[in-house]
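Numbered as in UniProt numbering, the sequence shown ends at 483 without a single skipped number.
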Amino acid sequence: MLTLNNPALLRTECYLNGEWVTADTGDTLSVTNPATGKIIATVPACSAAQTRAAIDGAALAQPDWRKRTAAARAKVLHAWHQLILAHQEDLAQLMTAEQGKPLAEARGEIAYAAAFIQWFAEEGKRTYGDVIPSPFPNSRIVVIKEPVGVCAAITPWNFPTAMITRKVAPALAAGCAMVVKPAEQTPLSALALAVLAEQAGIPAGIFNVITGDPRVIGGELTANEKVRKLSFTGSTAVGRLLMQQCAPTLKKLSLELGGNAPFIVFDDADLDAAVAGAMASKYRNSGQTCVCANRFLVQASVYNAFAEKLAQAVTTLKVGHGTEVDVTQGPLIDEAALCKVESLIADAVAGGANILNGGRRHALGGTFYVPTVLTNVLPTMRVAKEEIFGPVAPLFKFETEAEAIQMANDTEFGLAAYVYARDIGRVWRVSEALEYGMVGINSGVISTEVAPFGGQKSSGLGREGSKYGIDEYMEIKYLHMGL
Ligand code: ADP
Numbered sequence: 001m002l003t004l005n006n007p008a009l010l011r012t013e014c015y016l017n018g019e020w021v022t023a024d025t026g027d028t029l030s031v032t033n034p035a036t037g038k039i040i041a042t043v044p045a046c047s048a049a050q051t052r053a054a055i056d057g058a059a060l061a062q063p064d065w066r067k068r069t070a071a072a073r074a075k076v077l078h079a080w081h082q083l084i085l086a087h088q089e090d091l092a093q094l095m096t097a098e099q100g101k102p103l104a105e106a107r108g109e110i111a112y113a114a115a116f117i118q119w120f121a122e123e124g125k126r127t128y129g130d131v132i133p134s135p136f137p138n139s140r141i142v143v144i145k146e147p148v149g150v151c152a153a154i155t156p157w158n159f160p161t162a163m164i165t166r167k168v169a170p171a172l173a174a175g176c177a178m179v180v181k182p183a184e185q186t187p188l189s190a191l192a193l194a195v196l197a198e199q200a201g202i203p204a205g206i207f208n209v210i211t212g213d214p215r216v217i218g219g220e221l222t223a224n225e226k227v228r229k230l231s232f233t234g235s236t237a238v239g240r241l242l243m244q245q246c247a248p249t250l251k252k253l254s255l256e257l258g259g260n261a262p263f264i265v266f267d268d269a270d271l272d273a274a275v276a277g278a279m280a281s282k283y284r285n286s287g288q289t290c291v292c293a294n295r296f297l298v299q300a301s302v303y304n305a306f307a308e309k310l311a312q313a314v315t316t317l318k319v320g321h322g323t324e325v326d327v328t329q330g331p332l333i334d335e336a337a338l339c340k341v342e343s344l345i346a347d348a349v350a351g352g353a354n355i356l357n358g359g360r361r362h363a364l365g366g367t368f369y370v371p372t373v374l375t376n377v378l379p380t381m382r383v384a385k386e387e388i389f390g391p392v393a394p395l396f397k398f399e400t401e402a403e404a405i406q407m408a409n410d411t412e413f414g415l416a417a418y419v420y421a422r423d424i425g426r427v428w429r430v431s432e433a434l435e436y437g438m439v440g441i442n443s444g445v446i447s448t449e450v451a452p453f454g455g456q457k458s459s460g461l462g463r464e465g466s467k468y469g470i471d472e473y474m475e476i477k478y479l480h481m482g483l
């Protein structure tokens, strides 16, 4: 049973145009706890007409929000940030209930999510323009930045809160309005954010949360010409589809898509530090993050030593319900995720890979899986090409620096990469050769609100967080002033 200190945070209506509403059709979606398989709530399955009405409301509200000073918008955003932190425990409980991650990770995500709001409240004050020396004696050239207008966000279940604030905070700070469609697995975290947004004084229509069938709502968000920008985090397949759907109305796009992160361990690396980084990068959120190490590329001379140390470290992980103390590994999000992990491991084993740890479902049943380490893995296996999104570490062997770079870049994806080495020349050469948007060097955790998060190639478009993140929600306007 989910008991919150503040039961008002468990909200099961949508927040559209400042009102809490059910679906006009009366349809609902159920929200399941992945640790128990039990339904914990139902939320509205809103229609395309309701999505359109939400967009219309956002379009009506946005001009007044835009007219406020950045400092005035920041005041409201800071209030929201404070409320989120004040309710961190309840928000974490809600998240663990619908997503499964251990409570400690859920608390961490709430703090991380709130940090984007604080960061962008301040960045909103620094959306500077430019003055360009004119090539003509009788004119002046000035560049200003303006909010793009009404924005839409479609967000995933693996970070139910942070993936929303990472988009909404820069949008609102810039003076935009936002309609968010959260993942159908994790709508409660999104609706709780809306409860606090309303309390913080974010005006009606500026932040909206709509739940329901992704195709119905996504269809309207992408087709509607009042929406000027779509920000999406999710799979590459859906990202491609949404980009196509946005083509007729030429929306601005931010796409944070899949990854296939290489984690390269050279022979001069501090192996204990590499193992610590590997644990943080691989097994956080049970391997369900787009920056999780997907392929461990280990230099031949340290391959066995690294494998042994990693296998040893993995035995310290504790699988269980996220609400239990000491649990580090929650369940996978659903049966489909579990089946994918099983089929990737079966494919690798059939090709000659060895299972060092795990390789089986956990005794707890449901979607719990034993953290796994595989050795003798080859680049031809499926696990080398597909995003695992589960607690499985496949170890590949390489001989030379050139080979490591070639293997690391041999994928359509380009989100995060990790390099463990001490030779400074090697660190620079490899970091520059990696076709990735982010490189963790002797570091397995790279996400922070102050740095630009994003990928190259099929991992997407645009950057989130940092001073760059707010530009995604602003248009540049050039003023040519005759004297
Ligand atoms: P995952 O495999 O991690 O669930 P998805 O890309 O399927 O990744 O989901 C990410 C988000 O995209 C979720 O909010 C989901 O509801 C949404 N989504 C999935 N399919 C579509 C679609 N056809 N149109 C719009 N949104 C979609």
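Built from N, CA and C at the ideal position, the CB exists for glycine as well. If you're wondering where the values come from, they're calculated on a predicted model, not measured in any experiment.
Check: Any heavy atom of the ligand ADP within a distance shorter than 7 angstroms of the CB on V377?
Finding: no
Next item on the list: Identify the continuous alpha helix (DSSP H) that holds P329 and give its terminal residues.
Entry: Here residue 329 turns out to be Gln, not Pro, going by the sequence shown. It is not in any alpha helix (DSSP H) - Q329 carries neither H nor E in the DSSP assignment.
Notebook entry, point to check: Short check: CB of V31 to CB of T42, under 8 angstroms?
Noted result: yes
Next item on the list: From the DSSP output, read off the bridge partner residues of H480.
Entry: I141
Notebook entry, point to check: Roughly how many whole angstroms lie between the Cα atoms of A350 and H87?
Noted result: 49 angstroms
Next item on the list: Tell me whether K125 is buried or exposed, calling it buried when 16 or more other Cβ atoms sit within 10 Å of its Cβ.
Entry: exposed
Next item on the list: Say yes only if the C-beta of P156 is nearer than 7 angstroms to one or more non-hydrogen atoms of the ligand ADP, and no if none qualify.
Entry: yes
Check: What whole-angstrom Cβ distance do A451 and S431 have, given they're in contact under 8 angstroms?
Finding: A451 to S431, Cβ: 15 angstroms. No contact.
Note to self: Based on DSSP bridge pairs, tell me the residues matched to N357.
What the structure shows: V373
Notebook entry, point to check: Which first and last residues belong to the beta strand (DSSP E) in which L230 is found?
Noted result: V227 to T233
Notebook entry, point to check: Is the segment 229–237 touching the segment 253–268 in the sense that three or more CB pairs, one from each, lie closer than 8 angstroms?
Noted result: yes
Next item on the list: Take the Cβ of N304 as the centre, count every other Cβ of all protein chains shown within 10 Å, and call the residue buried at 16 or more, exposed below.
Entry: exposed
Check: Count the other CB atoms within 10 Å of the CB of G425; is the residue buried (16 or more) or exposed (fewer)?
Finding: exposed
Checklist line | Residue closest to G366, alpha-carbon to alpha-carbon, out of V319, A173 and G454 | finding: V319
Margin query: With the cut-off set at 8 angstroms, would you say L344 and V383 are in Cβ contact?
Written below: yes
Next item on the list: Take M407 as the anchor and find which of P187, Q299, N285 and Y473 has the nearest alpha-carbon.
Entry: Q299
Notebook entry, point to check: Of the choices I217, P133 and K229, whose alpha-carbon is the least far from that of A177?
Noted result: K229
Checklist line | Environment of V209 [buried if 16+ CB atoms lie within 10 Å] | finding: buried
Note to self: If you follow the alpha helix (DSSP H) that A337 is in, where does it begin and where does it stop?
What the structure shows: E335 to A350
Item checked: Residue nearest to G219 in terms of C-alpha spacing, selected from A274, I55, L91 and E475 -> I55
Check: Would you call residue 491 buried or exposed, if buried means 16 or more other Cβ atoms sit within 10 Å of its Cβ?
Finding: It is not possible to answer for residue 491, since the shown part of the chain is limited to 1 through 483.
Check: If you count every other CB in all the chains shown that lies within 10 Å of the CB of N138, and 16 or more means buried, which is it?
Finding: exposed
Notebook entry, point to check: Between the Cα of D410 and the Cα atoms of P379, T400, D347 and K251, which residue gives the shortest distance?
Noted result: P379
Notebook entry, point to check: With a Cβ-Cβ cutoff of 8 angstroms, do residue 513 and T69 count as a contact?
Noted result: Nothing about residue 513 can be reported from this structure: the residues present for the chain run from 1 to 483 only.
Checklist line | E256 - partner residues in DSSP beta bridges | finding: T233 and G460
Note to self: Please report the straight-line C-alpha distance between K167 and A153, rounded to a whole angstrom.
What the structure shows: 7 angstroms
Check: Helix or strand or just coil, what does DSSP make of P379?
Finding: coil
Next item on the list: Take the Cβ of Q199 as the centre, count every other Cβ of all protein chains shown within 10 Å, and call the residue buried at 16 or more, exposed below.
Entry: exposed
Next item on the list: Express the C-alpha separation of P156 and V439 in angstroms, rounding to a whole number.
Entry: 23 angstroms
Note to self: Taking the beta carbon of E109 as the centre, do at least 16 other beta carbons fall within 10 Å, making it buried, or is it exposed?
What the structure shows: buried
Note to self: Out of G330, L310 and A45, which one is the CA nearest neighbour of A183?
What the structure shows: A45
Notebook entry, point to check: Can we count P182 as close to the ligand SAH, meaning its CB is less than 7 angstroms from some heavy atom?
Noted result: Among the ligands present in this structure, namely the ligand ADP, the ligand SAH is not found.
Check: Per the contact definition of three or more C-beta pairs closer than 8 angstroms, is the segment 52–67 in contact with the segment 276–293?
Finding: no
Check: How would you label V392, buried or exposed, when you count the other beta carbons within 10 angstroms and need 16 or more for buried?
Finding: buried
Check: Between the segment 321–329 and the segment 94–106, do three or more beta carbon pairs fall short of 8 angstroms?
Finding: yes
Next item on the list: Consider the C-beta atom of G460 and the heavy atoms of the ligand ADP; say whether any pair is separated by less than 7 angstroms.
Entry: no
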